[in-house]
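In my numbering, the protein residues as written are 22 to 135.
Input: a single structure, listed below in structure tokens.
Structural data, given as structure tokens:
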């Protein structure tokens, strides 16, 4: 299992430093792609790429979080250690998705009633 540093100082640094707004991500499309898409496809693609840009800033902030939270280098992990870490995070993600689904369902039900 990966060791974490759990101190008030680290917690304060995480709160201060883990911020997607610290990053700017822009996707520039290649001319070949632009030439290959229709105008309608280009219009539909642009908002999707903006979503990827926003997601990328969150991913970058998560890298900052891991860098602060886990001070030892991660490159020396074994495949088994990476898999264990991945499965732990996957479990958390699935739990978040289930809780989100429940909250969204409740919100939609409330909107139907009003």
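Using N, Cα and C, we set each Cβ at its ideal position, and we do this for glycine too.
Own chain residues within Cβ distance below 6 Å of residue i, not counting five before or after
i, result
"residue 81", "44"
"residue 39", "82, 85, 86"
Residues of its chain near residue i, where Cβ-Cβ distance is below 8 Å and the 5 sequence neighbours each way are ignored
i, result
"residue 35", "86, 89, 90"
"residue 63", "55"
Spatial distance of residue i from residue j (CA atoms)
i, j, result
"residue 131", "residue 118", "20 Å"
"residue 109", "residue 61", "41 Å"
Coil, strand or helix - residue i by DSSP
i, result
"residue 120", "helix"
"residue 28", "coil"
"residue 51", "coil"
"residue 37", "helix"
Residue span of the alpha helix (DSSP H) that contains residue i, given as start and end
i, result
"residue 89", "60–90"
Rounded Cβ spacing between residue i and residue j (contact assumed at less than 8 Å)
i, j, result
"residue 66", "residue 76", "The pair is not a contact, with the Cβ atoms about 15 Å apart (cut-off 8 Å)."
Heavy atom of the ligand GDP within 7 Å of residue i beta-carbon
i, result
"residue 116", "Because no ligand of any kind appears in the structure shown, any question about the ligand GDP cannot be addressed here."
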